[in-house]
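See structure below.
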Ligand code: UVW
């Protein structure tokens, strides 16, 4: 784990570390610039800090305190050119789902489409032109195939209702970000379009059947998939995207209650593997990518918080890998440009994989 896993403020207080010292520890460890001998707390204390459950995670050590683009910063011309090398046969795969009102949705989220009029307007001109529009009422970035942005998930670090201690990526607070008319910071429009190398782990094939709700994908599972799929772990590079096929997607529109009721997925072990590898995005055929319920019953969506909030790593949910798997295509160019709706927490859209 990298050195950003710092001590929870309360725990530091309990350990007798004052505000000034905490700032020193934060600044030093975050910047990675404090020489071992100068860290007054010493190695033992640093170790204690590194293992803290609710760390301070800002400013981001790679992209700095003002960054709002997170791991999309890995999208560079060099990454594009490296990704292009995976395109061999020119085949384009849709890996997103069709949006429709009957699709499974989290909680009370809605998806309601109406075509006003019939047709909506016209006719115009001597040529009698008519037209149709649609009106859509939905949590547009958080229904169906959805790309979670950095304003989507945060952690309450203070008392209930204290917006100055509800923290998001790069330490942004609810107080400075929140607005009824769209987030003032970390909106989805800040995300750079994704064009990166994608690696698909077919857990369903590895396990021999659809994984079950609450079943956690381990790093050992990933390594077994790599072997089965004739892929190398070292080939998963910084800025790449990783995808998990659990088989759970087969329930989509067939058994929505079961689909929504939990899911298999990654836990903190694989999350840390992703962070160590410098992954830019995770994705899955499930609605959260992470295992639900978490094996630690006290935790709610800890992988979301670890990847999105603390590390700026994006998450693409409710994907469909059926056609890629049918063609045994496990490595591809993953291409997705989030709809730049100013202040949105996520994006719908049509991601593609190109082989
Ligand atoms: C939550 O919003 C809690 O989850 P998801 O990102 O899976 O929609």
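Numbering (this note's numbering), first residue to last: 105 to 459. Yeah, the Cβ is synthetic: ideal placement off N, Cα and C, and Gly gets one too. No experiment lies behind these values; they were computed from the predicted model shown.
Boundaries of the beta strand (DSSP E) in which residue i is found, first to last residue
| i | result |
| --- | --- |
| residue 218 | 215 to 218 |
| residue 349 | 345 to 349 |
| residue 459 | Element bounds for residue 459: n/a, residue is neither H nor E. |
| residue 196 | 196 to 198 |
| residue 437 | 435 to 440 |
| residue 234 | 233 to 235 |
| residue 240 | 239 to 242 |
| residue 419 | 418 to 421 |
Proximity test, residue i beta-carbon vs the ligand UVW heavy atom, cut-off 7 Å
| i | result |
| --- | --- |
| residue 252 | yes |
| residue 210 | yes |
| residue 405 | yes |
| residue 246 | yes |
| residue 408 | yes |
| residue 421 | yes |
| residue 392 | yes |
| residue 256 | yes |
N- and C-terminal bounds of the alpha helix (DSSP H) containing residue i
| i | result |
| --- | --- |
| residue 327 | 323 to 332 |
| residue 303 | Looking at the DSSP string, residue 303 is not in any alpha helix (DSSP H); the run it does join, the beta strand (DSSP E), is 298 to 306. |
| residue 364 | 360 to 364 |
| residue 278 | 278 to 281 |
| residue 426 | 426 to 430 |
| residue 375 | 372 to 381 |
| residue 460 | The structure shown does not extend to residue 460, since the chain spans only 105 to 459, so no value can be given for it. |
Presumed contact (8 Å Cβ cut-off) between residue i and residue j, rounded CB distance
| i | j | result |
| --- | --- | --- |
| residue 164 | residue 274 | 5 Å |
| residue 388 | residue 423 | 6 Å |
| residue 200 | residue 417 | Not a contact, Cβ separation roughly 19 Å. |
| residue 285 | residue 447 | 7 Å |
| residue 396 | residue 369 | 7 Å |
| residue 445 | residue 244 | 7 Å |
| residue 310 | residue 332 | 6 Å |
| residue 317 | residue 248 | In fact, because the Cβ distance is near 20 Å, the residues do not count as touching under 8 Å. |
| residue 263 | residue 278 | Incorrect: roughly 13 Å between the Cβ atoms, too far for contact. |
| residue 314 | residue 351 | 3 Å |
Does the pairing of the stretch 435 to 448 with the stretch 277 to 297 give three or more beta-carbon distances under 8 Å? Enough Cβ pairs lie closer than 8 Å, so yes.
Are the stretch 424 to 436 and the stretch 227 to 245 touching by the rule of at least three beta carbon pairs closer than 8 Å? no
Count Cβ pairs between the stretch 252 to 262 and the stretch 281 to 293 that sit closer than 8 Å; are there 3 or more? Judged by pairs of C-beta atoms under 8 Å, the stretch 252 to 262 touches the stretch 281 to 293, as three or more such pairs exist.
Say whether the stretch 209 to 225 touches the stretch 185 to 200, bearing in mind that this needs 3 or more beta-carbon pairs closer than 8 Å, one atom from each stretch. no
Below 8 Å, how does it come out for the stretch 371 to 388 and the stretch 237 to 246: are there three or more Cβ pairs, yes or no? no
Would you check if there are 3 or more beta carbon pairs closer than 8 Å linking the stretch 385 to 405 to the stretch 339 to 354? yes
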